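Colleague: Below is a structure I'd like to ask you about.
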């Protein structure tokens, strides 16, 4: 077991990444093993660089709310007002999407670092596929999604909010076999934009997008996509607090979206089925 001693980062200028890591090493060199210090240093450097893109930067935060209340004598009963927020594929109380306290954020950070320190060997790596550009994947997901508010006409009542005319149809043409279930197709597109190589052949074991007959299950099916990416060594399991932009998020309902922001306070996703762009989400069971 290892416990990382705290170092007050307020004592350092934000640009002083090397100085911060030196202080970390000095504070822990007698209590942690060399490989533990190495993993802690890699994690801090990754988080340091990741968070730099959010400091002093304006950003969009989108919520989809449902407000209900009781009315008596044409007056709203104040105590009956209930505000629920869309949370990927469920609804949660709006309070669940409010920023956590600094104490809670620190507690989560300590827990995550503890897991990293106690991992075995060199299994820890911020990115398993070295050539993956997670920012390019994030940017693709944000570019080719909007917050749709109407259901595309499928000829039936589907209940899925889409804006198909905003999709990247020139590169990835829509075909009817997808119907409205294109969440995995969209995430696959973003992953490919980030550098995950598409297989050149069409087979049960490959990841390929072409015409309907030339698109494999791993590209368009959530479970098959996960099996393929894990099997190739491109993915590893993460958690709510540590998952970063360019990562993917699965729900218990076999839905998958692209994570596009995690500044430790606000977490956002973009995805399809429903079409959503930079929408805040909270930590709920089933992820």
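In full-length UniProt numbering, the protein residues as written are 1 to 287. Beta carbons are placed, not taken as given, at the ideal position from N, Cα and C, and that holds for glycine. Just so it is clear, the structure is predicted and the values come from calculations on it, not from any experiment.
Relative to the C-alpha of residue 101, which residue among 251, 242, 265 is closest?
Modeller: Considering only alpha carbons, the answer is 265.
Colleague: What is the residue span of the beta strand (DSSP E) that residue 116 lies within?
Modeller: Per DSSP, residue 116 belongs to no beta strand (DSSP E); it is in the alpha helix (DSSP H), 102-117.
Colleague: Going by C-alpha to C-alpha distance, which of 211, 192, 239, 89 sits closest to residue 225?
Modeller: Among 211, 192, 239, 89, the Cα nearest to that of residue 225 belongs to 192.
Colleague: Have a look at 164, 142, 171 and flag the residue whose alpha-carbon is nearest the alpha-carbon of residue 151.
Modeller: Of the listed residues, the one whose Cα sits closest to residue 151 is 164.
Colleague: Would you mind sorting residue 258 into buried or exposed? The rule is 16 or more other CB atoms within 10 Å of its CB.
Modeller: So residue 258 counts as buried.
Colleague: Compare the C-alpha of residue 202 against each of 129, 92, 214 and name the closest.
Modeller: The shortest C-alpha separation from residue 202 is found at 214.
Colleague: Examine the Cβ distances between the segment 270-285 and the segment 80-89 and report whether three or more of them are shorter than 8 Å.
Modeller: The answer is yes - the segment 80-89 touches the segment 270-285, with three or more Cβ pairs under 8 Å.
Colleague: Can you tell which of 267, 94, 114 has the C-alpha that lies nearest to the C-alpha of residue 246?
Modeller: Residue 267 is the option with its Cα nearest to residue 246.
Colleague: Chain B beta carbons: is any one of them nearer than 8 Å to that of residue 212?
Modeller: Judged by its chain identifiers, the structure shown contains no chain B, having just a single protein chain.
Colleague: Per DSSP, which one or two residues make a beta bridge with residue 288?
Modeller: Lying outside 1 to 287, the shown extent of the chain, residue 288 is not represented and no answer is given.
Colleague: Going by DSSP in three states, residue 66 sits in which element: helix, strand or coil?
Modeller: If DSSP states are grouped into helix, strand and coil, residue 66 belongs with the strands.
Colleague: Could you spell out where the beta strand (DSSP E) holding residue 218 opens and where it closes?
Modeller: From DSSP, residue 218 is part of no beta strand (DSSP E) but of the alpha helix (DSSP H) over 217-220.
Colleague: Roughly how many angstroms separate the alpha carbons of residue 68 and residue 78, rounded to a whole number?
Modeller: Going from the Cα of residue 68 to the Cα of residue 78 covers about 11 Å.
Colleague: Since residue 249 is in the beta strand (DSSP E), which residue starts that stretch and which ends it?
Modeller: Per DSSP, residue 249 belongs to the beta strand (DSSP E) from 248-250.
Colleague: Which of helix, strand or coil does DSSP assign to residue 198?
Modeller: Looking at residue 198 - three-state DSSP - the assignment turns out to be coil, as it is neither helix nor strand.
Colleague: Just grab the DSSP bridge partners of residue 83 for me.
Modeller: According to DSSP, residue 83 bridges with 67.
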